[in-house]
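Visitor:
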Amino acid sequence: MSHHLDPLVSQKLQQFQGRRRRLIIARGLSAGLLAFVLGMAAVALIDWYWLLADSTRWYMSGAVYVGVVLAVWLAGLRRLIYVPAREEVAEQMELTEPELRENLLSAVELATDDPSAIHDSPVFRNLLQGKVAELMTRVRVHSLLPFRLIAAWVVAALVVVGSVG
3 MSHHLDPLVS QKLQQFQGRR RRLIIARGLS AGLLAFVLGM AAVALIDWYW LLADSTRWYM
63 SGAVYVGVVL AVWLAGLRRL IYVPAREEVA EQMELTEPEL RENLLSAVEL ATDDPSAIHD
123 SPVFRNLLQG KVAELMTRVR VHSLLPFRLI AAWVVAALVV VGSVG
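Read in order, the letters of the sequence shown are residues 3 to 167 in this note's numbering.
(1) Is M3 helix, strand or coil by DSSP?
(2) The alpha helix (DSSP H) that contains P124, what's its start and end?
(3) Report the option in I152, L35, P124 and V110 whose CA atom is closest to the CA atom of M138.
(4) Just how far apart, CA to CA, sit E96 and S108?
(5) What would DSSP say about Y51, mapped onto helix, strand or coil?
(6) Which first and last residues belong to the alpha helix (DSSP H) in which E90 is found?
(7) Residue range of the alpha helix (DSSP H) that L160 falls in?
(8) In angstroms, rounded to a whole number, what distance separates the CA positions of L146 and E99?
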């Protein structure tokens, strides 16, 4: 008897993780663009007002680049380095979709390939897997993680870049 995770549930978990990753990348790039354009504008304004030496301009430009790296790191890159386990992705999905409650996490935790780890009824596991698969058919990943979560970052970056260009 199979105790694997239903393919539909596994597919939805992968979709959720992929969408989360894309949104984090978009937010990080937007933060980087904002930091770069605003930082360089500040350096240009300071240089215009005080007429700086070349070495001071280089140091200030370097500081802007460090600020860009820091902004990208804080806004997204640090979240991409750690790849969450299936259980953690299931937990994140449950937080965004209350209808799943703790059924999704339970189904993921009970899906195992090791027969020695099974200490409960296979019927229970199959019922839970079926229930979760049925619930997951109604889940739309793009509505769990909508673009509006990062829209402010993207719009701000587009406005700043558009106003400079």
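C-beta: ideal position from N, C-alpha, C; glycine also.
Guide: Reading off the structure:
(1) Position 1 of the sequence shown, counted from the start, is the residue given in the question as residue 3. For M3, the predicted structure reports a pLDDT of 39, less than 50, and the residue's modelled location is therefore unreliable. A value from the coordinates is still provided. Of the three classes helix, strand and coil, the one that applies to M3 here is coil, per DSSP.
(2) Within the sequence shown, numbered from 1, the residue matching residue 124 stands at position 122. Run containing P124: P124 to T139, per the alpha helix (DSSP H) assignment.
(3) Here residue 138 is taken as the residue at index 136 of the sequence shown, counted from 1. For M138, the nearest C-alpha among the options comes from V110.
(4) Counted from its first residue, the sequence shown places residue 96 at position 94. Counted from its first residue, the sequence shown places residue 108 at position 106. The straight-line gap separating the alpha-carbon atoms of E96 and S108 is approximately 11 Å.
(5) Position 49 of the sequence shown, counted from the start, is the residue given in the question as residue 51. DSSP places Y51 in helix when its eight states are reduced to three.
(6) Position 88 of the sequence shown holds residue 90. From DSSP, the alpha helix (DSSP H) with E90 extends over R88 to T98.
(7) Position 158 of the sequence shown, counting from 1, holds the residue named residue 160. Per DSSP, L160 belongs to the alpha helix (DSSP H) from A153 to V166.
(8) Stepping through the sequence shown from its first residue, residue 146 is reached at position 144. Stepping through the sequence shown from its first residue, residue 99 is reached at position 97. Their backbone Cα atoms lie some 7 Å apart in a straight line.
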